[in-house]
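The opening residue of the sequence shown carries number 182 in the working numbering; numbering runs sequentially from there.
Ideal Cβ positions, reconstructed from N, Cα and C, are used throughout, including at glycine.
What follows is one structure encoded as structure tokens, with my remarks underneath.
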Amino acid sequence: MRGFLLRSLKTAVPTALVLAGCGYLFAHATAAMAATQTDSGEALRDTLTARLPFTFAAWGGGMVLVFELFRSLWKRPTAPVMKGPADTKETAALLDHMLAAAETAETARMTIAPAVTVTDVTPPPRRDPLSLPLPELDFPLPDPPQ
């Protein structure tokens, strides 16, 4: 739950601030577009400047919180991370035991089937490509040009 709250605050607060700035700019742009010769649009600008940034921030922050809630329900919680190293004596004993078991297995394998060295393997004979017989043709050769 703590991870959900921190993640939500880290995403919802910047989103709300950016959308509040966008709402402020939209309020001024709307007032400038609505201004006519008879009305300067100050009343509309004041009304929109008071409402639009807060509305944008509330809707944007609310949507981020809803999506983060769905994400936290969809995603499985991660396993907790171990703090600090494990007991070094137990780790050293476990590593010594594993090393001894590996050495025993290698010794048993060597006594059952000794390793083949590279000198025991003879390479296949190499043939000279020119000494190979030519293939027989199953079609007649064309007559040479005259």
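My assumption, with CB atoms under 8 Å, is that residue i sits in contact with residue j. Please give the rounded CB distance.
{"i": "F237", "j": "C203", "result": "6 Å"}
{"i": "L229", "j": "T211", "result": "6 Å"}
{"i": "H209", "j": "R232", "result": "Rounded, the Cβ-Cβ distance is 13 Å, inconsistent with contact."}
Report the three-state DSSP secondary structure of residue i (helix, strand or coil).
{"i": "E317", "result": "coil"}
{"i": "K191", "result": "helix"}
{"i": "S221", "result": "coil"}
{"i": "L322", "result": "coil"}
{"i": "T259", "result": "coil"}
{"i": "A201", "result": "helix"}
{"i": "R307", "result": "coil"}
{"i": "D268", "result": "coil"}
{"i": "A238", "result": "helix"}
{"i": "A286", "result": "helix"}
{"i": "A231", "result": "helix"}
Is it buried or exposed for residue i, if we count other Cβ within 10 angstroms and need 16 for buried?
{"i": "S189", "result": "buried"}
{"i": "P310", "result": "exposed"}
{"i": "V245", "result": "buried"}
{"i": "P179", "result": "Outside the shown range of the chain (182 to 327) lies residue 179, about which nothing can therefore be said."}
{"i": "G241", "result": "buried"}
{"i": "A283", "result": "exposed"}
{"i": "A193", "result": "buried"}
{"i": "P286", "result": "Before going further, note that residue 286 is Ala rather than Pro in the sequence given. With fewer than 16 other Cβ atoms within 10 Å, it is exposed."}
{"i": "A281", "result": "exposed"}
{"i": "A273", "result": "exposed"}
{"i": "A197", "result": "buried"}
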